[in-house]
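This report concerns only the one structure given below.
Residue numbers (my numbering): 841 to 911.
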């Protein structure tokens with residue numbers, strides 16, 4: 841499981857940004873397509889909103905990878 845640390849000043853990160861930041865998608869367009877196609881799971885449920893805000897404790901799954909968002 842990969843851990844993504846939020847910056848001290850940030851309360852959240854958006855789903856599309858997280859996929860890019862963790863190297864799971866090369867571009868915002870790639871992230872958008874993966875999300876819209878229902879390929880991304882957030883906290884155990886399929887998520888289709890690219891702008892979904894992820895806070896401390898959120899868990900994301902995509903393409904066999906798991907990411908934990910932590911403060």
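Cβ coordinates follow ideal geometry from the N, Cα and C atoms, glycine included.
Give the secondary structure of residue i by DSSP, where H, G and I count as helix, E and B as strand, and everything else as coil.
{"i": "residue 873", "result": "helix"}
{"i": "residue 855", "result": "helix"}
Among all the DSSP beta bridges, which residues are the ones paired with residue i?
{"i": "residue 842", "result": "907"}
{"i": "residue 893", "result": "854"}
{"i": "residue 886", "result": "881"}
Closer than 6 Å to a non-hydrogen atom of the ligand COA - does that hold for the CB of residue i?
{"i": "residue 896", "result": "Because no ligand of any kind appears in the structure shown, any question about the ligand COA cannot be addressed here."}
Classify residue i: buried if its beta carbon has 16 or more other beta carbons within 10 angstroms, exposed otherwise.
{"i": "residue 900", "result": "buried"}
{"i": "residue 861", "result": "exposed"}
- When the Cβ atoms of the region 891-901 are set against those of the region 843-852, are three or more pairs found closer than 8 Å? Touching, yes, given that three or more Cβ pairs across the two stretches are closer than 8 Å.
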